[in-house]
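Have a look at the structure below, then the notes.
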């Protein structure tokens, strides 16, 4: 292939690529889902899941013999209080919304 | 091909600018039009990847077809260069490596934008941040460090690739390191996006967890491949010389390691939000600094294969990134309030905190040492280098303390740990490690090693002891957890351990990574017992080192299209018994003006390496340097374990067992203060 023909082919390829890319970018999307705005309540539900997971881990570690009964009781109480605070705030925000 | 490359780079820049600018407009407008604009920005970002990929393909094609009309190919390749190294030309020089940075960044961005459904708004903002970084690199490759610059005249052959880079690992090492450096951009983009948006919660951490771990793993592998390359090619017998470029790769790794640990505190307890966000900002900035040091030739190094004027550009980028991070931090810092406080100094939280402080201390020490020549020149007009003794003095104690924390941390409870729990958890690991320490002391003493007279050997003793402590704590975590499941599910211990890992892959994968680090530390500790010897060997002459005897059988020369070489053929005997033949070699690559390169001969076992270097033949006979380096192989095995552990941590957990707690029960429990809020079992 001569250099001139090669250059011509490259120019054609570049033009097609650019045109294809622009069509792809500006073609109206059928997907109108814009995502949801994350609220404090959604965040609190996430935190609740984390605290429950922490409680499960704590129970498991206690069963494996890692902590004394006193340590376990103290930690469990603290985590339960944290879960309760979160649930109370969820309840409050959801009832205010309703 | 240069025409295609130039067009694609320019088009990619236009698309990246569109992605960034329209991304900003969409973020500000927050209406239906804004959302549609954000979608076009996302698609532009994806299209920019294809454009950069085509440009990279055009450059590799030019290298493979010996197109010396392209200045970059002329300067970094030649006709006789083997094909894999022609492929590696892409990242061998300044312009190519900038293009490679842009390619990897756009590739990461492509995957991120493809997976935008995980959280469209957060991903849109992170995509905008990534596009901003991409604009910078595309400006560089379009206007400052152009990979497709043309020659005025056609030249028959190129200057060739730097001989030090003509080694198989060099085809893998730079991409690994770059994947690590560039990979940090993704968690950075998410962190900045979350801060800008005042995004509630830790979702940005969950979304970037895998990205961060993958980037960290690439960095680890890249650093250790670099160490292996230095060991195999540079021919000085070591693998880490505290060279500025080695240090530059270590800096983001240290801060990234701190980040990987401290995010757990935010995820579990909602703590250290400010710390974490700045940690990832700093890690990203250190990645940029690493690229600056490697590519701008700011400091002299055996690893710096480019010297150029891109320094001010990177310094400006660092300044802009810092300013943007600071502005949004000041504006939205109230959003980063911690939800819990540190309750006790003896807790998992405090062990993470100490781990972070120590890692950042190490990072600061390495940064100071690396930048010291620049600082001393600026202040006193004299370039002063801090060598290995400085780093060893500072880093070895820091490293030992880190191993200690690695052993202690997993055994402490969240919130607070009592003396009773400490005694219960530490009795076995402490006894095992103490026994190992005493045994080693006795064995060494009987072997004539007076370790108390050599600080390095004392450090080695501590490394083995603390390594045992970490291994014992890891084993106790696996066995204890495995036993619980063994009893509960009426199965055997092995199945229990397997189920335990499937239950929390991240945690147990992390332990495997810790074990890999222990193996690396054991390999490093072996340095304290290195031996070396050098001698000129005529035919049939021999030299003794440790248990080994080297007998020179022959001395050969070779000449091919790429290089000429000299080698000695040495028969190796151990305690009088023939072992193998080694051929240490020296090569002079023709296209590079005859720069010599050592091809080291290495007889490697799990116990030690017999490392032989051909140091030339000044008097007509080979001059041989031999070293016995104990335990080196454990470093490379440790790396494989680290990769395996990271892979494990990336595997999703088996479906969790969840327990639903009625809200009413929990709220009432709170009111009654002290009643159990959630009856949750494992």
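Residue numbers (the working numbering), protein chains in the order written: chain A, -12 to 85; chain B, 113 to 794.
Yeah, the Cβ is synthetic: ideal placement off N, Cα and C, and Gly gets one too.
Euclidean distance between Cα positions of residue i and residue j
i                     : j                     : result
residue 670 (chain B) : residue 733 (chain B) : 16 Å
residue 120 (chain B) : residue 202 (chain B) : 16 Å
residue 193 (chain B) : residue 713 (chain B) : 23 Å
residue 356 (chain B) : residue 532 (chain B) : 47 Å
residue 621 (chain B) : residue 259 (chain B) : 41 Å
residue 473 (chain B) : residue 528 (chain B) : 25 Å
residue 289 (chain B) : residue 221 (chain B) : 18 Å
residue 82 (chain A)  : residue 312 (chain B) : 20 Å
residue 605 (chain B) : residue 163 (chain B) : 54 Å
residue 33 (chain A)  : residue 263 (chain B) : 59 Å
residue 655 (chain B) : residue 738 (chain B) : 9 Å
residue 48 (chain A)  : residue 242 (chain B) : 41 Å
residue 341 (chain B) : residue 156 (chain B) : 39 Å
residue 189 (chain B) : residue 729 (chain B) : 29 Å
residue 286 (chain B) : residue 710 (chain B) : 20 Å
Chain A contact residues for residue i, given Cβ-Cβ distances below 8 Å
i                     : result
residue 526 (chain B) : 41, 45 and 62
residue 159 (chain B) : 8, 11 and 12
residue 536 (chain B) : 52, 53, 54 and 55
residue 116 (chain B) : -3, 0 and 1
residue 533 (chain B) : 53, 54, 55 and 58
Nearest candidate by alpha-carbon position, reference residue i, set the options
i                     : options                       : result
residue 467 (chain B) : B:286, B:374, B:165 and B:267 : B:374
residue 721 (chain B) : B:218, B:748, B:697 and B:698 : B:748
residue 630 (chain B) : B:680, B:577, B:305 and B:767 : B:577
residue 365 (chain B) : B:355, B:330 and B:382        : B:330
residue 731 (chain B) : B:681, B:647 and B:696        : B:647
residue 318 (chain B) : B:265, B:295, B:376 and B:370 : B:376
residue 276 (chain B) : B:346, B:336, B:262 and B:440 : B:346
residue 218 (chain B) : B:739, B:165 and B:199        : B:165
residue 635 (chain B) : B:226, B:157 and B:339        : B:339
residue 568 (chain B) : B:613, B:626, B:609 and B:504 : B:504
residue 65 (chain A)  : B:728, B:708 and B:453        : B:453
residue 458 (chain B) : B:535, B:506 and B:676        : B:535
residue 742 (chain B) : B:725, B:640, B:726 and B:664 : B:640
residue 307 (chain B) : B:271, B:234, B:360 and B:421 : B:234
residue 396 (chain B) : B:294, B:247 and B:497        : B:294
residue 574 (chain B) : B:637, B:315, B:626 and B:583 : B:637
residue 37 (chain A)  : A:69, A:-1, A:61 and A:0      : A:69
Neighbour list for residue i in chain B, Cβ cutoff strictly below 7 Å
i                    : result
residue 37 (chain A) : 379 and 380
residue 16 (chain A) : 151
residue 30 (chain A) : 312 and 313
Beta-bridge pairing of residue i - partner residues as DSSP gives them
i                     : result
residue 654 (chain B) : B:663
residue 670 (chain B) : B:677
residue 69 (chain A)  : Partner(s): none; residue 69 (chain A) has no beta bridge.
residue 713 (chain B) : B:724
residue 407 (chain B) : According to DSSP, which records beta bridges pairwise, residue 407 (chain B) is partnered with nothing at all.
residue 738 (chain B) : B:645 and B:724
residue 689 (chain B) : B:686
residue 707 (chain B) : B:701
residue 182 (chain B) : B:262
residue 694 (chain B) : B:682
Residue-chain proximity (residue i, chain E), Cβ-Cβ < 8 Å
i                     : result
residue 312 (chain B) : Protein chains in the displayed structure are A and B, and chain E is not among them.
9 Å Cβ cut-off: residues of chain A touching residue i
i                     : result
residue 518 (chain B) : Neighbours of residue 518 (chain B) on chain A: none; closest Cβ ~17 Å, over 9 Å.
residue 530 (chain B) : 54, 55, 57, 58 and 61
residue 464 (chain B) : Within chain A, no residue comes near residue 464 (chain B); the closest Cβ sits about 15 Å away, beyond 9 Å.
residue 123 (chain B) : 1, 4, 5 and 8
Within chain A, partners of residue i - CB distance below 7 Å
i                     : result
residue 156 (chain B) : 12
residue 119 (chain B) : 1
Review point. Between the stretch 580 to 609 of chain B and chain A, which residues of the former have CB atoms less than 8 Å from a CB of the latter, in chain order?
Key: The residues in question are 592, 593, 595 and 596.
Check your understanding: Taking Cβ-Cβ distances below 7 Å as the criterion, which residues of the stretch 1 to 12 of chain A are in contact with chain B?
Key -> Cβ contacts with chain B: 1, 5, 8, 11 and 12.
**Study point:** Contact residues within the stretch 48 to 60 of chain A, judged by C-beta distance below 8 Å to chain B
**Key:** Listed in chain order, the positions of the stretch 48 to 60 of chain A with a beta carbon within less than 8 Å of a beta carbon of chain B are 48, 50, 51, 52, 53, 54, 55, 57 and 58.
Exercise for review: May I ask you to list, following chain order, the residues of the stretch 131 to 153 of chain B that have a beta carbon less than 7 Å from some beta carbon of chain A?
Suggested key: For the stretch 131 to 153 of chain B, the beta-carbon criterion of a distance under 7 Å to any beta-carbon of chain A is satisfied by 147, 151 and 152.
Exercise for review: Could you please tell me which residues of the stretch 315 to 340 of chain B, in chain order, have their CB closer than 9 Å to any CB of chain A?
Suggested key: Answer set for the stretch 315 to 340 of chain B: 315 and 318.
Point to revise | Residues from the stretch 249 to 280 of chain B in contact with chain A, defined by Cβ distance under 9 Å | key: Flagged: no residues at all.
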